[in-house]
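J.: Residue numbers (my numbering): 489 to 807.
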Ligand code: GLU
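Now the structure itself:
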């Protein structure tokens, strides 16, 4: 929803707001770190950072913004974009729906009628999306995903091998989900290769600063605002942001859309990205999670940012 020209975010206030929110929520120790992937349980629960990158390439950062962590489910946003570029919207829609589930991210369910996974932001849909990534064999497909990340971030990206192998050896639910989709012809035969690629895309290492630049790239019609490189064809931005808006925050997506009102995606390592179209990208990292898998500090920070910077897409009070 467009706000009039005179509606401008006072960027001069951003550094103070970030510093304030960081010190306010640093003392909040609620939640637990993800432990179903053994390697993720080793993270320092105190890590906390908030970053904003504007579409004109300014970055504001506070806390542990250079700390690397695995991107986890936030990867689903970007791999969905790559699948759209590889196959086009119509074909991708035959394989993955766009309906919110209200269920947990790792639920083993498909749409009763179409047999499609519900949407690309839950595990089933993301595994189906990953299986669509083109390339001759595992290495070429992985390289394409890493190249894609590089465009969004502006530097080389690597996979954390310990997290990848930890996830591969314990990811039985994801394997079961892939087999269910294979049974219904929703993914192709080489499911082990696609599962490996899915685990690798989740194990790519990013910083909170990177998250804000990735989000800002989506906010900036697909062009990285720092390197000026195009990361994604702008015709797919609205597809990506729509599913982020309705499905990005696990089974909290409805409440998030209602209260915070901007497209977002979280991951079990504690990252959140939020996109304010035409204005900025937000990244928050704090590994302490609530029962749904969202970073507790991350949700609080985004809620405050939305209120203080008037970011809710449908906020028209006083306009
Ligand atoms: N790699 C994780 C999994 O498939 C991603 C989960 C998440 O961040 O939601 O379980």
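We put the beta carbon where it would ideally sit given N, CA and C, even for glycine. A quick note: this is a predicted structure, and the numbers were derived from the prediction, not measured.
Using DSSP with H/G/I as helix, E/B as strand and the rest coil, what is residue 548?
T.: Position 60 of the chain shown, counted from the start, is the residue given in the question as residue 548. Correct three-state label for residue 548: strand.
J.: Cβ of residue 611 within 6 Å of any heavy atom in ligand 1?
T.: The residue given as residue 611 occupies position 123 in the chain shown. At least one heavy atom of ligand 1 is nearer than 6 Å to the Cβ of residue 611, so yes.
J.: Confirm, please, whether the CB-CB distance from residue 639 to residue 645 is below 7 Å.
T.: By 1-based counting over the chain shown, the position of residue 645 is 157. By 1-based counting over the chain shown, the position of residue 639 is 151. Against a cut-off of 7 Å, the Cβ pair of residue 639 and residue 645 comes out as no contact.
J.: With DSSP run on the structure shown, which of helix, strand or coil describes residue 760?
T.: The residue given as residue 760 occupies position 272 in the chain shown. In the structure shown, the three-state DSSP call for residue 760 is strand.
J.: Should residue 525 and residue 655 be called a contact, given that it needs their Cβ atoms to be closer than 7 Å?
T.: On the chain shown, residue 525 is found 37 positions in, with the first residue counted as 1. On the chain shown, residue 655 is found 167 positions in, with the first residue counted as 1. At a Cβ-Cβ threshold of 7 Å, residue 525 and residue 655 count as neighbours.
J.: Can you tell which of 581, 670, 523 and 636 has the C-alpha that lies nearest to the C-alpha of residue 596?
T.: The residue labelled residue 596 in the question sits at position 108 within the chain shown. Measuring from the Cα of residue 596, the nearest candidate turns out to be 670.
J.: Using 6 Å as the cut-off, classify the Cβ of residue 561 as near or not near the heavy atoms of ligand 1, replying yes or no.
T.: To locate residue 561, count along the chain shown from 1; it is residue 73. In this structure, the C-beta of residue 561 approaches ligand 1 to less than 6 Å from one of its heavy atoms.
J.: Select from 704, 699, 649 and 618 the residue whose C-alpha is nearest the C-alpha of residue 666.
T.: Here residue 666 refers to the residue found at position 178 of the chain shown. Nearest of 704, 699, 649 and 618 to residue 666, Cα basis: 618.
J.: Do residue 689 and residue 563 have their C-beta atoms closer together than 7 Å?
T.: Residue mapping note: residue 689 aligns to position 201 of the chain shown, counting from 1. Residue mapping note: residue 563 aligns to position 75 of the chain shown, counting from 1. Yes, these two residues count as a Cβ contact at 7 Å.
J.: Could you check where the alpha helix (DSSP H) with residue 482 kicks off and where it finishes?
T.: A query on residue 482 cannot be resolved here, the shown segment of the chain reaching from 489 to 807 and no further.
J.: Nearest-angstrom Cα distance between residue 593 and residue 760?
T.: In the chain shown, counting from the first residue as 1, residue 593 sits at position 105. In the chain shown, counting from the first residue as 1, residue 760 sits at position 272. Distance between the alpha carbons of residue 593 and residue 760 is about 15 Å.
J.: Going by DSSP in three states, residue 647 sits in which element: helix, strand or coil?
T.: Here residue 647 corresponds to residue number 159 of the chain shown, with the count starting at 1. Correct three-state label for residue 647: strand.
J.: Cα separation between residue 534 and residue 630?
T.: Here residue 534 refers to the residue found at position 46 when the chain shown is read from its first residue. Here residue 630 refers to the residue found at position 142 when the chain shown is read from its first residue. Spanning the two alpha carbons is a distance of roughly 32 Å.
J.: If you follow the alpha helix (DSSP H) that residue 790 is in, where does it begin and where does it stop?
T.: Here the question's residue 790 lines up with position 302 in the chain shown. Start and end: 784-796.
J.: Go ahead and pull the three-state DSSP assignment for residue 737.
T.: Residue 737 sits at position 249 when you count from the first residue of the chain shown. In the three-state DSSP reduction, residue 737 falls in the coil class, being neither helix nor strand.
J.: At what residue ranges does the segment 526-608 contain a whole run of the beta strand (DSSP E), taking only runs of 3 or more?
T.: Runs found: 537-542 and 547-551.
J.: Hey, how far is the Cα of residue 514 from the Cα of residue 787?
T.: Along the chain shown, read from residue 1 onward, the residue named residue 514 stands at position 26. Along the chain shown, read from residue 1 onward, the residue named residue 787 stands at position 299. Distance between the alpha carbons of residue 514 and residue 787 is about 13 Å.
J.: Determine contact between the segment 720-730 and the segment 773-793, defined as no fewer than three beta-carbon pairs at a distance below 8 Å.
T.: no
J.: My guess is that residue 685 and residue 633 are in contact by the Cβ rule of under 8 Å, so how many angstroms apart are they, rounded?
T.: Your numbering for residue 685 matches position 197 in the chain shown. Your numbering for residue 633 matches position 145 in the chain shown. About 7 Å separates the two Cβ atoms, so the contact holds.
J.: Report all residues from its chain with a CB closer than 7 Å to the CB of residue 490; omit the five preceding and five following residues, and keep chain order.
T.: Reading the chain shown from its first residue, position 2 is the one you call residue 490. For residue 490, the predicted model reports a pLDDT of 48, less than 50, meaning its position is unreliable; a value from the coordinates is still stated below. Here the set comprises nothing.
J.: Beta carbon of residue 756: closer than 6 Å to some heavy atom of ligand 1?
T.: For the purposes of this step, residue 756 is taken as residue 268 along the chain shown, with counting starting at 1. Yes.
J.: Using only alpha-carbon positions, find the residue among 536, 790, 774 and 607 that is nearest to residue 730.
T.: Counting from 1 along the chain shown, the entry for residue 730 is found at position 242. For the residues 536, 790, 774 and 607, the minimum Cα distance to residue 730 belongs to 607.
J.: Is the closest heavy atom of ligand 1 to the C-beta of residue 690 under 6 Å?
T.: In the chain shown, the residue the question calls residue 690 occupies position 202. Result yes, Cβ under 6 Å from ligand 1.
J.: Helix, strand or coil for residue 799, going by three-state DSSP, please let me know.
T.: If you number the chain shown from 1, residue 799 lands on position 311. Three-state result, residue 799: coil.
J.: With a threshold of 6 Å, establish whether the CB of residue 593 neighbours any heavy atom of ligand 1.
T.: Within the chain shown, the letter at position 105 stands for residue 593. Yes.
J.: Cβ-heavy atom distance between residue 782 and ligand 3 below 6 Å?
T.: As far as ligands go, the structure on display features ligand 1 and does not contain ligand 3.
J.: Please report the straight-line C-alpha distance between residue 778 and residue 567, rounded to a whole angstrom.
T.: Indexing the chain shown from 1 puts residue 778 at position 290. Indexing the chain shown from 1 puts residue 567 at position 79. Each residue's alpha carbon lies about 25 Å from the other.
J.: Can the beta-carbon of residue 758 be found closer than 7 Å to that of residue 774?
T.: Along the chain shown, read from residue 1 onward, the residue named residue 758 stands at position 270. Along the chain shown, read from residue 1 onward, the residue named residue 774 stands at position 286. Contact flag set, yes.
J.: Would you report the Cα separation of residue 792 and residue 804, rounded to the nearest angstrom?
T.: Stepping through the chain shown from its first residue, residue 792 is reached at position 304. Stepping through the chain shown from its first residue, residue 804 is reached at position 316. Those two C-alpha atoms are separated by around 17 Å.
J.: If you draw a straight line from the C-alpha of residue 800 to the C-alpha of residue 624, how long is it?
T.: For this step, residue 800 is matched to residue 312 along the chain shown. For this step, residue 624 is matched to residue 136 along the chain shown. One alpha carbon belongs to residue 800, the other to residue 624, and they sit about 43 Å apart.
J.: I need the straight-line Cα distance from residue 543 to residue 714, nearest angstrom please.
T.: Working through the chain shown from its first residue, we reach residue 543 at position 55. Working through the chain shown from its first residue, we reach residue 714 at position 226. So the alpha carbons of these two residues sit roughly 9 Å apart.
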